[in-house]
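Notes follow the structure.
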Amino acid sequence: MSQHPNARLTTRGRELLCSRVAGGMRVSEAARQAGVSRQTASKWLARARRGEPMSDRPSRPRRLARLTPPGAEARVLEARRSMLLAPLALAAATGVPARTCARIVARSGLPRLADVDRVTGEVRRRGPVTPVRYERERPGELLHVDVKKVARIPDGGGWRALGRGNDPSRGHSGLGSSCLHVAVDDFSRVAYAELLPDERRGTCSAFADRCLSFFAGLGAPVERVMTDNGPGYRSRDFNALLESRGVRHLYTRPYSPWQNGKVERMNRTLAQEWQYGRAWESEAGRADALPAYLERYNWERPHSACGGLPPMSRIVGVNNLLAHNS
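Residue numbers (this note's numbering): 0 to 325.
And the structure:
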């Protein structure tokens with residue numbers, strides 16, 4: 000327990016006071032030399048005679064009227080270990096408030112979700128968490144776009160499904176990789192993604208065309224698009240498409256991925272919850288599951304940046320019930 004900044008007696012000072020009284024000094028004189036009242040000196044003498052430590056007692060009450068029941072705490076920890084959910088999702092799954100879930104997880108010493116492999120359960124430490132820098136004022140004002148390569152899964156499953164050493168594609172590079180194109184709205188966090196064969200200029204332009212149409216259909220036409228300096232985004236086709244739609248193109252500085260941090264965070268979310276969220280048995284099965292995941296992410300999954308509501312709740316003019324079921 001931390002020492003009070005204005006405390007006259009430290010633990011060593013209390014022991015010295017008691018030793019002086021035990022050596023024959025009057026209590027009032029020992030208190031005067033220590034700079035405390037006689038009542039304070041008598042208090043520490045009584046504790047020393049009872050054999051109690053000279054450290055401060057904790058201020059936590061012996062009984063808490065609103066203490067979380069052990070059963071609820073165990074339910075939260077079990078859901079956290081088995082499903083690897085964030086506090087908002089834990090609250091929806093267990094019925095325990097999100098802030099209580101966060102405190103329970105912190106007390107238990109469980110690792111951060113970013114450090115845990117979704118399939119193997121291994122803990123791998125990452126860099127420090129960076130704070131949120133900014134947020135636009137309305138949907139469509141800024142769209143973050145990025146592309147990531149995703150290793151293809153052999154038919155029958157890779158090492159995550161079969162175990163290490165049993166992967167039939169081990170040592171063979173013929174499977175190659177696909178490219179996951181992702182776009183995230185800065186304000187609402189609504190995401191649009193497609194798993195495409197490459198990241199060439201024609202592919203990037205076609206993805207951007209479908210992406211802009213998606214957000215326009217939600218009543219949130221895109222005003223700006225932020226990308227890195229990849230060849231597909233520097234191409235004439237890509238910029239001609241944005242110009243024809245009246246969209247301004249913004250570039251991040253070279254080797255500065257944090258400037259496009261929201262889509263980088265979405266890439267990590269996709270990797271944790273879709274790409275490596277389970278042991279897939281084939282590439283086709285994983286690809287087919289992407290639209291369903293995005294549907295749940297946009298319409299149902301609680302998002303901390305949206306106050307625990309799904310991203311679609313921030314799209315002005317979209318009624319979740321009517322628009323989602325029409």
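Idealized CB from N, CA, C, for every residue including glycine.
Residue i in three-state terms, based on DSSP
| i | result |
| --- | --- |
| residue 64 | coil |
| residue 59 | coil |
| residue 227 | coil |
| residue 177 | strand |
| residue 194 | strand |
| residue 26 | helix |
| residue 6 | coil |
| residue 150 | strand |
| residue 253 | coil |
| residue 53 | coil |
| residue 103 | helix |
| residue 86 | helix |
| residue 92 | helix |
| residue 212 | helix |
| residue 269 | helix |
| residue 301 | coil |
Residue i vs residue j beta-carbon contact at 7 Å
| i | j | result |
| --- | --- | --- |
| residue 149 | residue 226 | no |
| residue 71 | residue 301 | no |
| residue 78 | residue 93 | yes |
| residue 53 | residue 99 | no |
| residue 174 | residue 199 | no |
| residue 26 | residue 20 | yes |
| residue 297 | residue 189 | yes |
| residue 187 | residue 138 | yes |
| residue 73 | residue 86 | no |
| residue 66 | residue 112 | no |
| residue 16 | residue 45 | no |
| residue 309 | residue 294 | no |
| residue 7 | residue 43 | no |
| residue 240 | residue 204 | yes |
| residue 326 | residue 185 | No statement about residue 326 is possible, as the shown extent of the chain runs from 0 to 325 and does not include it. |
| residue 314 | residue 219 | yes |
Anticipated Cβ contact below 8 Å, residue i with residue j, distance rounded
| i | j | result |
| --- | --- | --- |
| residue 337 | residue 273 | Nothing about residue 337 can be reported from this structure: the residues present for the chain run from 0 to 325 only. |
| residue 194 | residue 286 | 5 Å |
| residue 183 | residue 262 | 5 Å |
| residue 231 | residue 202 | 7 Å |
| residue 210 | residue 197 | Actually they do not touch by this definition, with Cβ atoms about 17 Å apart. |
| residue 37 | residue 47 | With a Cβ gap of about 15 Å, residue 37 and residue 47 do not count as contacting. |
Same chain, Cβ closer than 8 Å to residue i, five either side skipped, listed in chain order
| i | result |
| --- | --- |
| residue 76 | 103, 104, 107, 109 |
| residue 223 | 140, 141, 142, 246, 247, 248, 249 |
| residue 59 | none |
| residue 252 | 258 |
| residue 18 | none |
| residue 176 | 148, 149, 150, 151 |
| residue 101 | 86 |
| residue 234 | 200, 203, 204 |
DSSP beta-bridge partners of residue i
| i | result |
| --- | --- |
| residue 247 | 223 |
| residue 142 | 184, 224 |
| residue 286 | Partner(s): none; residue 286 has no beta bridge. |
| residue 122 | 115 |
Heavy atom of the ligand NAP within 6 Å of residue i beta-carbon
| i | result |
| --- | --- |
| residue 189 | Summarising the ligand content, the structure contains no ligands, and the ligand NAP is consequently not present. |
Close beta carbons around residue i, own chain, < 7 Å, minus the five adjacent residues each side
| i | result |
| --- | --- |
| residue 265 | 181, 183, 190 |
| residue 91 | 301 |
| residue 154 | 281 |
| residue 238 | 248 |
| residue 123 | 114, 116 |
6 Å CB neighbourhood of residue i in its chain, flanking five on each side removed
| i | result |
| --- | --- |
| residue 260 | none |
| residue 307 | 87, 301 |
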